[in-house]
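**Q**
Numbering (our numbering), first residue to last: 337 to 644.
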């Protein structure tokens, strides 16, 4: 076979495959060659620059942001969605929740056990997962507060099992918290946490729109005191400083929530958080390695990489 005809075959194969969208078998039949030959011709097309595969800059930027997050903070993985100047805080949470649903649907088993932290975005995630996935998840709450988990999940009851801690997130006394922890149902749920495929948590900021304030979980006076003590954000209602060190306060004793010292023991902790109000909080959580995986938007990712 002459070099010119070899080149012609490479060009024809590349044209049929990349432009005409023919299958390798169809091309093999059209050119009267074997399918293995088609594979080799496609490889040569790339090696000899007959075709140049590029990724659109919009996608490439996000892929680079994901890798930069992984490298900068030692994450196992990251998913970055496009930013949009028209996003409100609520619509951004909605977009992040939808992305989390797609990510977990793609990466985890048909019947995953998923630990769920409280929050607006995590509630939206549960709702979207029930809409897009045929899988039958088992959700296990990481905190008390039943209404928090049911807020946006009306449709999830169709294909999901819910194991909720039968208690408020904030009890009236530390003694009640200790009594709740001794209940058999609560002990069983605590055992389930360790078996989960993944854990989905939000990261709260310290502005006045924080879920812990809007939901009445933390009193405004306690919230202001925590900020005076250097609080940068919270996970599961546990507040931490800008380096992720937890800040102890009297309010902690009244909380029915997963213990902060055990957070890193959970499997595949996925943080779903974005937005300028949470930049410092997300960075603090990443610095302390609370999440293994971050799902966020492009603006947040860029800020995190620039301000390690």
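Here a beta-carbon is modelled for each residue, glycine too, at the ideal position from N, C-alpha and C.
Tell me the rounded alpha-carbon separation between residue 630 and residue 531.
**A** Approximately 21 Å, taken between the alpha carbons.
**Q** Considering only the alpha carbon of each residue, which of 617, 387 and 559 lies closest to residue 587?
**A** Residue 559 is the option with its Cα nearest to residue 587.
**Q** Within 10 Å of its beta-carbon, does residue 614 have 16 or more other beta-carbons around it, so buried, or fewer, so exposed?
**A** Counting Cβ neighbours within 10 Å, residue 614 comes out buried, since at least 16 surround it.
**Q** Apart from the five residues on each side of it in sequence, which residues of its chain come closer than 7 Å, Cβ to Cβ, to residue 386?
**A** Hits under 7 Å: 346, 347 and 350.
**Q** Work out the CA separation of residue 509 and residue 585 for me, nearest whole Å.
**A** Approximately 14 Å, taken between the alpha carbons.
**Q** Is residue 577 helix, strand or coil when you go by DSSP?
**A** Residue 577 falls in the coil class under three-state DSSP.
**Q** Quick one: grab the DSSP three-state call for residue 626.
**A** Correct three-state label for residue 626: coil.
**Q** Could you pull the start and end residues of the beta strand (DSSP E) that residue 641 belongs to?
**A** Taken as a continuous stretch (DSSP letters only), residue 641 belongs to no beta strand (DSSP E), being part of the alpha helix (DSSP H) at 634-642.
**Q** For residue 424, count neighbouring C-beta atoms within 10 Å of its own C-beta (all shown protein chains included) and say buried if the count is 16 or more, exposed if not.
**A** Per the 10 Å Cβ criterion, exposed.
**Q** What beta strand (DSSP E) runs, 3 residues minimum, are completely inside the segment 584-617?
**A** You should have 605-608.
**Q** Taking the CB atoms as reference points, tell me whether residue 417 and residue 441 lie closer together than 8 Å.
**A** Their beta carbons are not under 8 Å apart, which means residue 417 does not touch residue 441 by this criterion.
**Q** Go to residue 547, then tell me how far its alpha helix (DSSP H) extends in each direction, as first and last residue.
**A** Residues 547-550.
**Q** DSSP beta-bridge partners for residue 513?
**A** DSSP output for residue 513 lists no bridge partner at all.
**Q** Does DSSP put residue 412 in a helix, in a strand, or in coil?
**A** Looking at residue 412 - three-state DSSP - the assignment turns out to be coil, as it is neither helix nor strand.
**Q** Residue ranges of each alpha helix (DSSP H) run of no fewer than 4 residues wholly in the segment 399-450, ordered along the chain?
**A** For the segment 399-450, whole alpha helix (DSSP H) runs of length 4 or above, ordered along the chain, are 425-443.
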